[in-house]
Every structure is written in C-alpha cells, then in structure tokens.
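Following: one structure in structure tokens, then a few remarks.
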Amino acid sequence: MIFLLWSLSIFSEASGCFQEPIPPCSCRSISFYTTEITCKDATDIEQLQNSLKRYQDNPIRTLFIMDSSLQYFPSTIFSGLNFEKLHIMNCTFNALTDSEEAFEGAEKGLQTLIVQETTIYSGWNWQHLKKLTGLTEIRSIKAGLDEIDSDIAEISLLNLDSLQLTQDSISYIDDRAFARFTKLKILSLKRNLISEVKRSMFPDPATSLLQINLGHNKIEELPEDIFTNMPSLVAVLLGENSIVTIDKKAFGPVWSQLNKVDLLDNPLRCDCRLRWMMAVSFPKNTWARCEEPPKLNGTQIDKLHPDELWC
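With mature numbering (1 follows the signal peptide of the UniProt record, and there is no 0) as the guide, the letters of the sequence shown map in order to residues -16 to -1, 1 to 295.
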C-alpha cells in the first residue's frame, strides 16, 4: 500500500500537475510531464499572478487565458513560466500590457500566440510583441483588427513563418505592410473586408512564402504583378471574393508551380480570357466554377474546352 501511494505520488509529480491549484488557474496533464494551464474568469491581476506562480516549475505546452476581464497583463506576469503556446480567448483588456514590451520572461520559449474573440480597447500595438524572439506563429481571430498599418513592421524581424489575421474587419492594408516579413511561409487574411491588394505589400522576392489566403473578402481584381518573384508559392486561396476572371498576367508566373488554387464562389465569367489555361496543366487541387455565361454555369474550369470560351 505504501509503495502504491508512493508510486501515485511520483506519477502525479512527473505528469506535471503536482501543485494544488489556486483559482482562477487549473492544471491538466496532457502527456508525460507536459501540462495545459487554464485560467478562467480572471478579473483581479494580483490573484491571477499568484495563481500562475504555482506553475513556475511546470513544463507547459499551452497556457489558456479565457473568459477574463483585466486592465492589462503586467509585463512580468509570465516570468518564471515555461510555455510554448499562449491562447487568449474571449477576454477584454484596456491594454495588452503596462509597459513597452509584453510577456517578459517568455521571449524565447513562447512559439505560438493566439488571440481569439478578444477586445483590446486601446487597440493593437505590435511593438509590444517585438522582443518575443521565439515566436513562429501569430493568429488573431475576431480580435478587433480593422486595419494593418505600417507599424506591423515592428514584428517583421521575428522568426515568424505563419501570420494569420482572420475573421475580422480589416479593410485597409498599408502598401508595404508585409514587405519585410522575409521568413514568412503562410499569410492568411481570410474573412475580412479587404478590397485591394498590391504586390508591394509582400516581400520581393518572397522566397519563403508558400501560401496566401485571401478568401472571403471583397477583392474584384488582382494586379498583374501580384505573384511575381514568389518562387516557393504553392497555394493561392481566393474563394468567396468578387473576381470575374483568372488573368494570365497575374497567375501565369506561378501557375505551373501551384499545388492548390481556390477560386470557388467567385462570379467567374468563362470566356476567351481563360483560353491560356487550356494549353497548360492545372494545379493538382483546382477549385473554381463558371458563373457566366449561363450555359457554362457550374462548370469546373478544369473541365472546360477551348471551343466553349468566346468573347
């Protein structure tokens, strides 16, 4: 019996959750010596800090801050904690932090930051994140973004390979917003209110960029040079926009290297402007259907015949 109790004690400690929780945070073991910490309904900064201190010796995969309302995160609130992912969900803050730099102590360990359905009343300040040198992914989902200004360059020197700013009200993007993000592999701006994109917004050359997702926006046409100098691009996702044709000058430079093209739910007019595609191979995953003319309505573009394409 003594041996059994000792074994259970050792397993509990090895599993990571060996401290008695203090609200508002709790611990869950997800694998051997790895945990998830969830802090829920936090309204008092000092209470949250004291609760988090219980887990300073825990290896934490994900730290969740949920359903909470705080003035801000003190810059040192995560000092001493070792976590890979921070997921802030359904929260409100007056400001993200009380200093120029957020999440002191997490600079090298934090790899993924997710901000979801959260309001920062003072607005996003990208400068707060510029010292998080371990970050490889930032995701915002319904996080109150309505524009991407030039200040996003504050985080361009991070080792980001994925930047996803989605399901928001972004209608304005600075002409050089992402031009300095030379290491970026995935850029997603899906489900916003974007009506215009320019080549200058992206790195040139964009040697690392693999995927651009601009689906579910208000884009009617693409600049002729939009995909030039993108030698690694394999996926272009533009479903649910207002695009009427697949222009050869825009898509031609990357068409043969693409693996995935999504143009579903666009008002595509399948006419002579698409004949260029009949002489080349389609990407393995091509999703696009004609809307006009009526006789071709619903036809997949990779099933078209040149004789059907008239102007």
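Glycine included, each C-beta is placed from N, C-alpha and C at the ideal position.
Same chain, Cβ closer than 8 Å to residue i, neighbours up to 5 away in sequence not counted
i: E138; result: W110, Q111, L113 and K114
i: C256; result: L293, W294 and C295
i: V218; result: L194, Q195, Q241, L242, N243 and K244
i: I230; result: L247, L252, R257, L258, M261, A272 and I285
i: P5; result: C11, S35 and R38
i: I227; result: I203, E204, E205, L206, L247, N250, P251 and L252
i: P187; result: F162, A163, R164, F165, T166, L168 and L193
i: P290; result: R259 and M262
Own chain partners of residue i with C-beta closer than 7 Å, once the 5 adjacent residues on each side are dropped
i: A86; result: F57, S59, L80, H112 and L113
i: I14; result: E20 and R45
i: F266; result: D286
i: D158; result: I132, D133 and S134
i: residue 339; result: Only positions -16 to 295 of the chain appear in the structure, and residue 339 is not among them; the question remains open.
DSSP state of residue i mapped onto helix, strand, coil
i: F(-14); result: Summary for F(-14): the model assigns pLDDT 39, below 50, so the residue's position carries little reliability; its value from the coordinates is reported in the next sentence. Helix at F(-14).
i: R183; result: helix
i: F235; result: helix
i: D291; result: helix
i: I285; result: helix
i: I21; result: strand
i: C9; result: strand
i: I61; result: coil
i: E85; result: coil
i: P278; result: helix
i: R175; result: coil
i: I132; result: strand
i: I230; result: coil
i: A163; result: coil
i: W110; result: helix
i: S(-5); result: With a pLDDT of 43 at S(-5), under the threshold of 50, the modelled position of that residue is not reliable, and the figure given next carries that caveat. Three-state result, S(-5): helix.
i: L258; result: helix
i: A137; result: helix
i: T117; result: coil
Terminal residues of the alpha helix (DSSP H) in which residue i lies
i: F266; result: It is not in any alpha helix (DSSP H) - F266 carries neither H nor E in the DSSP assignment.
i: S35; result: I29 to K37
Sequence-distant residues of its chain with Cβ nearer than 6 Å to residue i (five each side left out)
i: T27; result: S53
i: I210; result: R183 and A234
i: T102; result: I72, C75 and A127
i: E208; result: K233 and A234
i: S155; result: L177
i: P277; result: none
i: Q148; result: R123 and S172
Beta-ladder partner(s) of residue i, from DSSP
i: V218; result: Per DSSP, none; premise fails for V218.
i: H71; result: F48 and I98
i: I125; result: Q100 and T150
i: L170; result: For the sequence presented, residue 170 should be read as Ile rather than Leu. Paired residue(s): S146 and Q195.
i: residue 340; result: Outside the displayed span of the chain (-16 to 295) sits residue 340, for which this structure offers no information.
i: F2; result: Looking at the DSSP assignment, F2 forms no beta bridge with any residue, so it has no partner.
i: S53; result: T76
i: P43; result: N66
i: R273; result: Q284
i: R253; result: E276
i: I203; result: In DSSP, I203 forms no bridge with anything.
i: I210; result: DSSP, once it has assigned bridges, lists no residue as partnering I210.
i: I157; result: I132
Limits of the unbroken beta strand (DSSP E) element including residue i
i: Q195; result: Q195 to N197
i: D188; result: No beta strand (DSSP E) contains D188, which DSSP labels as neither H nor E.
i: P245; result: First, the residue type needs correcting, since residue 245 is Val and not Pro in the sequence shown. Element bounds for V245: K244 to D246.
Residue i: CB within 8 Å of a non-hydrogen atom of the ligand ZN
i: Q3; result: Inclusion of the ligand ZN in the displayed structure is not the case, the ligand content being empty and no account of it being possible.
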